[in-house]
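Numbering (the UniProt record's numbering), first residue to last: 1 to 205.
A quick write-up on the structure given underneath.
See below:
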């Protein structure tokens, strides 16, 4: 988890394959969480998705970071969901936070020497990437409504979607992501420390 060297920029073929595998796993888990939230909490689930993911995907993030401790890995991982959102008809700007927070997390984690606090802070930044689809509800309401209409959503769906939109609820969402990303990140770090050594190989003792 720790390192005293500057950013390692060269991703080998093996690194890219490993990153691809973990990115696929991340995508699958986020998809499962998405459908679970939509089923269990219709309407509200979409707003809770980023914080629930922040709580649950920490082990994937930190095991990948342990196996491929190089700059660019976090950006790739975060970009997977950004590209998916772009290709599946989400609001056009929804993918930007995935790229932005992924790059910021990469920079924070790998510029200078690494330590647990920086790694955790990087995970917190990474976790905010999934807030992208929610932000237009507050800051681009008219454009978002037009996009929903274009996608065939009716008035009932639109009214239900915006029934939760308020400044206080946005603050709650941000605080939930912050809190649950800390919990999920600490758990992810603990899992790596317990089950994997610094080279990313499973501990046998």
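From the three backbone atoms N, C-alpha and C, an ideal C-beta is built for every residue, glycine too.
Note that the structure is predicted; figures quoted are calculated from it, not measured.
Item                                                                                      : Value
Three-state secondary structure assigned by DSSP to residue 114                           : strand
Three-way DSSP call (helix, strand, coil) for residue 27 in this model                    : helix
Beta-carbon gap between residue 137 and residue 99 smaller than 8 Å                       : no
Selected residue, minimal CA-CA separation from residue 97, among 87, 115, 73, 127        : 127
Residue 152 burial status per 10 Å Cβ neighbour count (16 or more: buried)                : exposed
Reduced DSSP secondary structure (H/G/I, E/B, other) of residue 99                        : helix
Contact between the stretch 69–84 and the stretch 98–115 (3+ Cβ pairs under 8 Å)          : yes
First and last residue of the uninterrupted alpha helix (DSSP H) at residue 190           : 167–195
Exposed unless 16 or more other CB atoms sit within 10 angstroms - verdict on residue 203 : Only weak support is given to the placement of residue 203: the predicted model assigns it a pLDDT of 40, under 50, and the question is left unresolved by the model.
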